[in-house]
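What follows is a set of notes on a single structure, which appears directly below.
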């Protein structure tokens, strides 16, 4: 993917910054962890009938997109290290893998946005939620998301030299980021308002611990999203704004690091989204207990 | 473990390489420092919001809260046996009351006197309509429980004030009775 990106701009200046390569061992470790986590989540949501709700469908879809990105990155790493990168068929296969990777990254962002919107509707339109978000609608939304991501993934990889496409993707990311920020902060403010009204009752204990937990949770949610996705999109911005500047080229040389951060997002997302649900954790315990009955109480 | 240490050595080499040509990497350093500053700034803004207060604060009738808490205390002991089965039922029942409370909060912003007696009648009415809408999913357990019913179905998060807080959250009933209150989502 790096060769596609850097050769399509054709930088003429030389600089001291050659491309920084991440050691394979690190990618391998992250891949293994991510694969196991996301596969577990997908299996657990499919197997347990209690988890067939719109919210858990979105979490399962997020886990699936993370799984897909991990698999695509693994295939690409294997291809780069063991096959000849100059051949014609290898380039085509590499393009297809890049398209899959882009599709899964866009899928991750869209699913994160869908989860935020679903939680927002849960809290602010409580009475109408089960009319607004039926399973049928959730599956239609998911199908739409995946179709959108598949088309855009292919467009991004095969037409990355067109300026308009890059601007479109940067705008997409900025809009998603702003939406997620606004939705979560509004939910957070409502939770704080409720906590305050309860604390104002006579004889209540101090509630600061719960407030601190809410603040930390929200910071982690938003912080992980921003820290994991911003480097890649800043890379796209730099490609547009200063393709020939040596300083910008030094930033572009860290492309593998940006990809690493997106893979880290695939590792961290299950921890902050899926594993928060007690039902899902119970399902995991049951899944493991079936194989190791002696260890379970 | 040799390949892990090999990976670590390669990482150190990369970091040394970056450190040697620092002025060329100024954009990279600037980007990451800016990102860290932004995240820390966001954390402090959120902490400040919790301390100073949110724009749309509500002060509903304290009697309703006391009623809520009393019912919680009364019903708590009854519904801890079968966690998995009762959690769904209780979440359903809890959600009815909270759905109603949220709706009432939004509609009657200026009215402060919501009497507990009226609330019971209205919530029973809502319960009935929601039971009818969920009939084909086999959720006939709703009629077993008195309204309001405030039990925390998450046994792991057991602070007393957490229970009391969850009492007042607007909670959703979706097809599998999986509830997300603001505090459940954010903590």
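Protein chains in written order, with the working numbering: chain A, 959 to 1255; chain B, 51 to 237. All C-beta atoms, glycine included, are put in the ideal place defined by N, C-alpha and C.
What is the rounded straight-line gap between the Cα of residue i and the Cα of residue j?
i: residue 1092 of chain A; j: residue 1015 of chain A; result: 11 Å
i: residue 1148 of chain A; j: residue 1142 of chain A; result: 10 Å
i: residue 1077 of chain A; j: residue 1070 of chain A; result: 11 Å
i: residue 1179 of chain A; j: residue 1185 of chain A; result: 10 Å
i: residue 952 of chain A; j: residue 1097 of chain A; result: Since the first and last residues shown for chain A are 959 and 1255, residue 952 of chain A lies out of range.
i: residue 1315 of chain A; j: residue 1107 of chain A; result: As displayed, chain A neither begins before 959 nor continues past 1255, which places residue 1315 of chain A out of reach and without an answer.
i: residue 1065 of chain A; j: residue 52 of chain B; result: 36 Å
i: residue 91 of chain B; j: residue 1139 of chain A; result: 14 Å
i: residue 1085 of chain A; j: residue 1206 of chain A; result: 51 Å
i: residue 1176 of chain A; j: residue 1235 of chain A; result: 16 Å
i: residue 1012 of chain A; j: residue 1073 of chain A; result: 9 Å
i: residue 1212 of chain A; j: residue 1007 of chain A; result: 44 Å
i: residue 1145 of chain A; j: residue 82 of chain B; result: 28 Å
i: residue 177 of chain B; j: residue 1103 of chain A; result: Since pLDDT at residue 177 of chain B reaches only 47, below the 50 mark, its modelled position is unreliable, and the value read off the structure follows with that caveat. Answer to the nearest angstrom: the Cα atoms are 35 Å apart.
i: residue 1105 of chain A; j: residue 1019 of chain A; result: 13 Å
i: residue 1257 of chain A; j: residue 1132 of chain A; result: Residue numbering for chain A in the displayed model covers 959 to 1255; residue 1257 of chain A lies beyond these limits and cannot be assessed.
i: residue 89 of chain B; j: residue 1172 of chain A; result: 16 Å
i: residue 97 of chain B; j: residue 1157 of chain A; result: 17 Å
i: residue 112 of chain B; j: residue 102 of chain B; result: Interpretation of residue 112 of chain B is limited by its pLDDT of 44, a score under 50 that renders its predicted location unreliable; no figure is taken from the coordinates.
i: residue 1101 of chain A; j: residue 55 of chain B; result: 43 Å
Helix, strand or coil for residue i, going by three-state DSSP, please let me know.
i: residue 1041 of chain A; result: coil
i: residue 1085 of chain A; result: coil
i: residue 1228 of chain A; result: helix
i: residue 1022 of chain A; result: helix
i: residue 58 of chain B; result: helix
i: residue 980 of chain A; result: coil
i: residue 1119 of chain A; result: coil
i: residue 975 of chain A; result: coil
i: residue 987 of chain A; result: helix
i: residue 1097 of chain A; result: helix
i: residue 1241 of chain A; result: helix
i: residue 1220 of chain A; result: helix
i: residue 275 of chain B; result: This structure cannot speak to residue 275 of chain B, because chain B is shown only from 51 to 237.
i: residue 1235 of chain A; result: coil
i: residue 994 of chain A; result: helix
i: residue 1092 of chain A; result: coil
i: residue 51 of chain B; result: coil
i: residue 63 of chain B; result: helix
i: residue 1006 of chain A; result: coil
Leaving aside the five residues before and after residue i along the sequence, list all residues of the same chain whose C-beta is less than 6 Å from its C-beta, in chain order.
i: residue 1134 of chain A; result: 1067 and 1071
i: residue 1060 of chain A; result: 1111, 1114 and 1115
i: residue 999 of chain A; result: 1021, 1228 and 1232
i: residue 196 of chain B; result: Low per-residue confidence applies at residue 196 of chain B: pLDDT is 34, beneath 50, and the placement is therefore not dependable, though the value from the model is reported in the following sentence. Closer than 6 Å at the Cβ level, and outside the excluded window around residue 196 of chain B, lies no residue.
Between which residues of its own chain and residue i is the CB-CB distance below 7 Å, once the five residues before and five after are set aside?
i: residue 1127 of chain A; result: 1114 and 1194
i: residue 1030 of chain A; result: 1055, 1058, 1059 and 1062
i: residue 1024 of chain A; result: 992, 996, 1066, 1224 and 1227
i: residue 1190 of chain A; result: 1216 and 1220
i: residue 943 of chain A; result: Summary: the structure shown does not reach residue 943 of chain A, with chain A confined to residues 959 through 1255, and so no result is reported for it.
Keeping to the same chain, check which residues put their C-beta closer than 8 Å to that of residue i; ignore five residues upstream and five downstream.
i: residue 1034 of chain A; result: 959, 1052, 1055, 1056 and 1059
i: residue 1218 of chain A; result: 980, 984, 985 and 988
At a threshold of 7 Å, does residue i count as lining the ligand COA (C-beta to nearest heavy atom)?
i: residue 992 of chain A; result: The ligand content of the structure shown is nil, which means the ligand COA is not present either.
Unbroken alpha helix (DSSP H) runs of length 4 or more, entirely within the region 1127-1213 of chain A: which are they? Correct list: 1166-1199 and 1204-1210.
Identify every run of the beta strand (DSSP E) within the region 1051-1082 of chain A, keeping only runs that are complete inside it and at least 3 residues long; order them along the chain. Complete beta strand (DSSP E) runs here, min 3: none at all.
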